[in-house]
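*Asks:*
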Amino acid sequence: MHSDTSRDNGEEPPSRSSNSLKQFKSAGRGFWSNVSDADWNDWHWQLKNRITTAEQLQRLMPTLTPEEFAGAKLANHKLALAITPYFFNLIDPADENCPIRWQVIPRIQETHTASWEMSDPCGEDSHSPVPGLVHRYPDRVLFLVTDRCAAYCRYCTRSRLVSNASGYDFHPEFEKQIEYIGAHPEIRDVLLSGGDPLLFSDDKLESLLSRLRAIPHVEFLRIGTRIPIFLPQRITPALCAMLKKYHPLFISVHTNHPRELTTEVRDALGRLADAGIPLGNQSVLLRNVNDDAEIMKAHVQKLLMCRVKPYYLYQCDLITGSAHLRASVRKGLEVMEALRGHTSGYAVPTYVIDAPGGGGKIPVSPEYVLCHNDDRVVVRNYEGKIFEYPEAADGTPLVEAPTEIEEPELCKC
Ligand code: SF4
Numbered sequence: 000m001h002s003d004t005s006r007d008n009g010e011e012p013p014s015r016s017s018n019s020l021k022q023f024k025s026a027g028r029g030f031w032s033n034v035s036d037a038d039w040n041d042w043h044w045q046l047k048n049r050i051t052t053a054e055q056l057q058r059l060m061p062t063l064t065p066e067e068f069a070g071a072k073l074a075n076h077k078l079a080l081a082i083t084p085y086f087f088n089l090i091d092p093a094d095e096n097c098p099i100r101w102q103v104i105p106r107i108q109e110t111h112t113a114s115w116e117m118s119d120p121c122g123e124d125s126h127s128p129v130p131g132l133v134h135r136y137p138d139r140v141l142f143l144v145t146d147r148c149a150a151y152c153r154y155c156t157r158s159r160l161v162s163n164a165s166g167y168d169f170h171p172e173f174e175k176q177i178e179y180i181g182a183h184p185e186i187r188d189v190l191l192s193g194g195d196p197l198l199f200s201d202d203k204l205e206s207l208l209s210r211l212r213a214i215p216h217v218e219f220l221r222i223g224t225r226i227p228i229f230l231p232q233r234i235t236p237a238l239c240a241m242l243k244k245y246h247p248l249f250i251s252v253h254t255n256h257p258r259e260l261t262t263e264v265r266d267a268l269g270r271l272a273d274a275g276i277p278l279g280n281q282s283v284l285l286r287n288v289n290d291d292a293e294i295m296k297a298h299v300q301k302l303l304m305c306r307v308k309p310y311y312l313y314q315c316d317l318i319t320g321s322a323h324l325r326a327s328v329r330k331g332l333e334v335m336e337a338l339r340g341h342t343s344g345y346a347v348p349t350y351v352i353d354a355p356g357g358g359g360k361i362p363v364s365p366e367y368v369l370c371h372n373d374d375r376v377v378v379r380n381y382e383g384k385i386f387e388y389p390e391a392a393d394g395t396p397l398v399e400a401p402t403e404i405e406e407p408e409l410c411k412c
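Listed below in structure tokens is the structure:
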């Protein structure tokens with residue numbers, strides 16, 4: 000009996016670099032080796048000691064490039080600079096193209112803008128019936144709770160409001176948000192996001208969750224958070240014990256590269272999973288970070304090892320000043336082609352473009368249906384082999400199995 004299924008399938012075994020990407024390592028202590036365990040593992044200490052200025056960054060990382068230093072100097076007028084000591088330790092200071100570095104260290108290119116870029120690329124403000132609530136889809140709402148995050152992602156869709164660096168002056172009005180949800184029985188799903196809801200104290204978060212749970216038509220609660228990745232220390236047993244009282248509660252985390260999945264993150268995600276919380280991951284396709292099939296395959300496989308289902312892969316929104324981070328849709332399709340069929344279905348996210356201006360998420364996929372008419376569907380599989388599936392009038396059972404065909408006839412659709 001063979002245990003290596005990739006070889007049984009005639010596929011190449013995973014490469015050495017993929018194996019190294021999938022190893023779980025600790026972020027370590029780096030510059031903070033003298034800090035006590037109690038402080039290092041205290042999320043409040045991590046927040047208090049974030050790197051927030053260009054000068055601090057340069058002191059810790061003398062290899063900062065002129066583009067990065069200039070970007071960091073300007074960041075506090077656009078989207079603040081903040082990196083937790085824990086997450087900073089994942090940056091490779093010797094590598095200008097370090098994928099962690101690209102995500103959180105500002106660059107002067109953030110000031111370069113194109114006419115098609117927008118401050119609110121998903122049109123959230125125009126779908127906001129009350130401050131802090133976005134009601135774009137029929138049965139669900141986005142409930143923005145804060146403009147603060149543990150660290151700031153340079154490509155953030157909500158750069159206009161998170162960190163309040165550009166003067167958006169975000170003020171959610173919880174009473175009005177909850178009242179609106181209570182008055183709209185079609186809303187069965189509430190997604191708490193921001194900013195990062197897990198920055199709230201347990202008590203403050205619980206008060207929101209309990210009020211939402213008390214609305215009879217709200218079936219399902221979700222939290223969108225990057226805290227388990229930027230600040231795994233926040234995922235305390237007490238937080239998990241509180242969250243599990245509000246099931247069904249799902250959590251979507253946000254990671255982009257396998258190096259973000261450290262032993263600390265794996266343990267934090269494990270605590271959430273042990274509290275019965277289904278976990279999904281949202282990634283953004285980013286140039287120099289994860290626009291590569293091997294990296295993405297290692298990432299999604301590693302997520303499953305952390306008990307997290309890869310949920311969405313987003314084409315990077317047209318946020319102002321993000322061109323240097325945006326990969327092409329062509330790259331995204333290449334990555335998806337390399338995943339579907341080549342790894343477990345559970346590991347394959349849905350690749351989406353959030354339609355510019357507010358059209359919502361639109362799935363995009365490599366083309367697998369080559370022809371579809373009243374008689375048949377011609378499809379190709381992940382190996383490029385072509386198959387015909389006889390189309391049935393609705394309700395008519397098929398009598399013959401699908402066959403592989405040598406030469407597809409020209410499409411008559
Ligand atoms: S954690 Fe989320 S909301 Fe905060 S900066 Fe990153 S992408 Fe934006």
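Numbered per numbering that gives the first Met the number 0, the sequence shown spans residues 0 to 412.
Ideal Cβ placement from N, Cα and C applies to all residues, glycine included.
Please read all numbers here as calculations on a predicted model, not as lab measurements.
Using only alpha-carbon positions, find the residue among Asn33, Leu207, Met304, Ala93 that is nearest to Met60.
*Replies:* Ala93
*Asks:* What are the complete beta strand (DSSP E) segments, minimum 3 residues, inside the segment 222–270?
*Replies:* 248–253
*Asks:* Looking at the strands, I want to know which residues DSSP matches up with Ala354.
*Replies:* Gly359
*Asks:* Cβ atoms of His253 and Ile228: under 8 Å apart, would you say?
*Replies:* The answer is yes: Cβ separation under 8 Å.
*Asks:* If you draw a straight line from the alpha carbon of Ile318 to that of Arg265, how long is it in whole angstroms?
*Replies:* 30 Å
*Asks:* Quick one: residues in its chain with C-beta nearer than 8 Å to the C-beta of Ser19, no 5 flanking neighbours on either side, listed in chain order?
*Replies:* none
*Asks:* Check whether the segment 288–308 and the segment 72–84 are in contact - that is, three or more C-beta pairs closer than 8 Å.
*Replies:* no
*Asks:* By Cβ distance, which residues of its chain are closer than 8 Å to Pro362, with the 5 residues on each side in sequence left out?
*Replies:* Beyond the five residues adjoining it in sequence on each side, Pro362 comes within less than 8 Å, by CB distance, of Thr349, Tyr350, Val351 in the same chain, given in chain order.
*Asks:* Does His256 pass the burial test, meaning 16 or more other C-beta atoms within 10 Å, or should it be called exposed?
*Replies:* Classification for His256: buried.
*Asks:* If distances are taken between C-alpha atoms only, which option among Ile177, Cys148, Asp374 comes closest to Asn163?
*Replies:* Of Ile177, Cys148, Asp374, the residue nearest in Cα terms is Cys148.
*Asks:* Apart from the five residues on each side of it in sequence, which residues of its chain come closer than 7 Å, Cβ to Cβ, to Tyr345?
*Replies:* Result list for Tyr345: Leu303, Lys308, in chain order.
*Asks:* Can you tell me whether Leu182 is buried or exposed, with buried defined as 16 or more other CB within 10 angstroms of its CB?
*Replies:* Looking at the sequence provided, one finds Ala at residue 182 rather than Leu. Per the 10 Å Cβ criterion, exposed.
*Asks:* Exposed or buried, what is Glu109 when buried is set at 16 or more other beta-carbons lying within 10 Å of its beta-carbon?
*Replies:* The residue is buried, with at least 16 neighbouring Cβ atoms inside 10 Å.
*Asks:* Note down, one range per segment and in chain order, each beta strand (DSSP E) of at least 3 residues found wholly within the segment 120–201.
*Replies:* 132–136, 139–143, 188–192, all fully within the segment 120–201.
*Asks:* Since I believe Ala150 is in contact with Val103 (beta carbons under 8 Å), could you give me their beta-carbon distance rounded to a whole number of angstroms?
*Replies:* 6 Å
*Asks:* So, helix, strand or coil for Thr62, using DSSP?
*Replies:* coil
*Asks:* In its own chain, which residues sit with a C-beta less than 6 Å from the C-beta of Ser16, not counting the 5 before and 5 after it?
*Replies:* none
*Asks:* For Cys155, tell me which candidate among Lys360, Gly194, Ile99, Arg270 has the shortest Cα-Cα distance.
*Replies:* Gly194
*Asks:* Beta carbon of Cys152: closer than 7 Å to some heavy atom of the ligand SF4?
*Replies:* yes
*Asks:* Out of Ser343, His126, Tyr85, Asp393, which has the shortest C-alpha to C-alpha gap to Lys296?
*Replies:* The residue with the shortest Cα to Cα distance from Lys296 is Ser343.
*Asks:* Identify whether His420 lies in helix, strand or coil by the three-state DSSP scheme.
*Replies:* The requested residue 420 is not part of the displayed model; the chain covers only 0 to 412.
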